[in-house]
Amino acid sequence: MLNNKTTVTADVLTPEQRAAVRPKIDYSSAGAFFTSTGRRIASIFTRRFMLSLLAGQVVSMCIVATSVATSQLTMRNFNISTTQSLFHYFCINLTYSSYTIYRYGFAGWFKMVKRDGWKYFILAACDVEGNFLVTMSYQYTNLLSCILLDTWAIPACMFFAYLFMRTKYHWTQLLGVFICIVGLGMQVGADELSNGANFPASNMAKGDIFMILGATLYGLTNALEEFFVRKSPLYEVVGQLGFWGFIVSAIQAAAKEHADIPKATWNGTNIGLILAYTAAMFILYTVAPLLYRMSSSTYYNLSLLSSDFFGLLVGLKLYHYYPIWLHFVAFAVIIAGLITYFCHSTPEEQGKIIAQPPEYITGVPRDEEARVDGPSDRDSISKMPLDAEADPDVKINAASGQNQVHI
-5 MLNNKTTVTA DVLTPEQRAA VRPKIDYSSA GAFFTSTGRR IASIFTRRFM
45 LSLLAGQVVS MCIVATSVAT SQLTMRNFNI STTQSLFHYF CINLTYSSYT
95 IYRYGFAGWF KMVKRDGWKY FILAACDVEG NFLVTMSYQY TNLLSCILLD
145 TWAIPACMFF AYLFMRTKYH WTQLLGVFIC IVGLGMQVGA DELSNGANFP
195 ASNMAKGDIF MILGATLYGL TNALEEFFVR KSPLYEVVGQ LGFWGFIVSA
245 IQAAAKEHAD IPKATWNGTN IGLILAYTAA MFILYTVAPL LYRMSSSTYY
295 NLSLLSSDFF GLLVGLKLYH YYPIWLHFVA FAVIIAGLIT YFCHSTPEEQ
345 GKIIAQPPEY ITGVPRDEEA RVDGPSDRDS ISKMPLDAEA DPDVKINAAS
395 GQNQVHI
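In my numbering, the protein residues as written are -5 to 401.
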């Protein structure tokens, strides 16, 4: 967002600044209106927006991969979901915590866990229990209720994003959310018309409550992780999520699934499905925080609405689904909603990014003014006192003499 106290001309704007400025629509004549509208639409498709759109579809496909792997495991009577989650938390912890130790040193990592571990424990606990509650809801309510109630994560995420980061939403962003949900409704309707794939509810009220609670925890987890990754290095946040997530999952698996683990069938097919599930979750947990920085956690949740369409494509081969024209229209409507979300506000304006290691590790005071949330804020980055050795997320541009924070 441009600083109101700074006057700049188009000639001195950087590419990042131009990308974050939407051209005004000219209403003086019909020709001017259509020309300016075309420029306005073209201004949406910046590199950062296209990366956000692509990342959103990547995580959406990861969701489909995990759902297919889980459903295949369930069909093979491998019903130990918390134990199943242990593997991806272990891999995330092994990868990102190891790198954090490499950057901070073991003493610095231990100090970080001791001082900030409690907040990452809350994040991980919400993530683990959100997954658990959503999985449980499928045992009690029907598929239609699960799909519709899962969208509660979107307003929940928007609420928590406002609570943690004071995020403000333009009316066009709310319109984008509405369009995405309409697209989801069309997708659900297409599912019902094409094959009526559903299952009876054994205890609908109980299942719906589980789904609402799980979706609320999803929204809380997404907003909380966005809050963390905008202030701390990605490897620290993701590593701690894996570290505490593994501990919480291990305790819960030992308490609830200790009798079922020996009874599970550990054959080659099931192990392969677990590896596929773990790989998809690893990619998701890696890409999601990048998407939080490039756009927002709300945009992440909106992007997941397209997962039903990708699930349909997979189902053509695995489950012999038969798509109808409404499936493709629904997917187009969801993509239109994702574009509408940024037709006025830009990804650069969604929040500050102050990705700095803790002061108690670097010995350098945190500069709360250093950020990369908008065009005018590039100037403030030069005031950052950190150097390339003190801050692994900051590199010095020798040509310009400015410190640049890299997402």
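Backbone N, C-alpha and C define an ideal beta-carbon position, used for all residues, glycine too.
Remember, predicted model here, so these are calculated numbers, not experimental data.
Alpha-carbon spacing of residue i relative to residue j, whole angstroms
| i | j | result |
| --- | --- | --- |
| Glu383 | Ile355 | Confidence at Glu383 is low in this model, with a pLDDT of 35, below 50, so its placement is unreliable and the value that follows should be read with caution. Going from the Cα of Glu383 to the Cα of Ile355 covers about 12 Å. |
| Glu343 | Asp254 | 49 Å |
| Gly305 | Ile268 | 18 Å |
| Met180 | Glu219 | 30 Å |
| Asp20 | Ile348 | 37 Å |
| Ser300 | Ile329 | 8 Å |
| Phe81 | Asn295 | 24 Å |
| Leu332 | Tyr293 | 7 Å |
| Gly262 | Thr76 | 20 Å |
| Arg109 | Phe84 | 22 Å |
| Ile175 | Gly357 | 47 Å |
| Glu251 | Gln78 | 11 Å |
| Val308 | Val52 | 15 Å |
| Ile148 | Gly213 | 7 Å |
| Ala248 | Asn71 | 19 Å |
| Ala118 | Lys18 | 43 Å |
| Pro227 | Ile318 | 45 Å |
| Tyr163 | Ala326 | 23 Å |
| Ser290 | Pro341 | 8 Å |
| His314 | Ala270 | 21 Å |
| Gln246 | Trp146 | 25 Å |
| Ile86 | Leu169 | 36 Å |
| Arg224 | Leu187 | 43 Å |
| Arg287 | Val232 | 13 Å |
| Leu285 | Ser46 | 6 Å |
Burial state of residue i, where buried means 16 or more other Cβ atoms lie within 10 Å
| i | result |
| --- | --- |
| Ser23 | exposed |
| Phe39 | exposed |
| Ala26 | exposed |
| Leu211 | buried |
| Phe336 | buried |
| Asn125 | buried |
| Phe240 | buried |
| Met44 | exposed |
| Ser54 | buried |
| Leu69 | Going by the sequence as given, residue 69 is Met instead of Leu. Its Cβ having fewer than 16 others within 10 Å, Met69 is exposed. |
| Thr31 | exposed |
| Ile265 | exposed |
| Phe237 | buried |
| Gly345 | buried |
| Tyr96 | exposed |
| Thr259 | exposed |
| Gly201 | buried |
| Leu278 | buried |
| Asp5 | Any reading at Asp5 is ruled out, since the residue's pLDDT is 44, under 50, leaving its predicted position unreliable. |
| Gly409 | In the structure displayed, the chain extends from -5 to 401; residue 409 sits before or after that span and is not available. |
| Tyr256 | The sequence as given places Pro at residue 256; Tyr does not occur at that position. Exposed. |
| Thr49 | Here the sequence assigns Ala to residue 49, which means Thr is not the residue at that position. Buried. |
| Glu353 | exposed |
| Ser92 | exposed |
| Trp112 | exposed |
| Pro359 | exposed |
| Leu310 | exposed |
Presumed contact (8 Å Cβ cut-off) between residue i and residue j, rounded CB distance
| i | j | result |
| --- | --- | --- |
| Ala274 | Cys56 | 5 Å |
| Asn73 | Tyr134 | About 14 Å; that fails the 8 Å criterion. |
| Arg34 | Arg16 | 6 Å |
| Tyr316 | Leu235 | Not quite, the Cβ-Cβ distance comes to about 39 Å (not below 8 Å), so this is no contact. |
| Thr272 | Thr166 | With a Cβ gap of about 39 Å, Thr272 and Thr166 do not count as contacting. |
N-terminal and C-terminal residue of the alpha helix (DSSP H) that residue i is part of
| i | result |
| --- | --- |
| Thr68 | Arg41 to Met69 |
| Gly262 | Gly262 to Met288 |
| Arg34 | Ala24 to Ile38 |
| Phe336 | It is not in any alpha helix (DSSP H) - Phe336 carries neither H nor E in the DSSP assignment. |
| Arg97 | Ser92 to Ser131 |
| Glu220 | Met198 to Val223 |
| Val231 | Leu228 to Lys250 |
| Ile414 | Here the chain has residues from -5 to 401 only, and residue 414 is not among them. |
| Asp302 | Ser301 to Leu312 |
| Glu342 | Glu342 -> no alpha helix (DSSP H), and no H or E assigned at all. |
| Thr292 | Ser291 to Ser297 |
| Ile355 | Glu353 to Thr356 |
| Cys83 | The sequence shown places Tyr at residue 83, not Cys. Run containing Tyr83: Ser75 to Ile86, per the alpha helix (DSSP H) assignment. |
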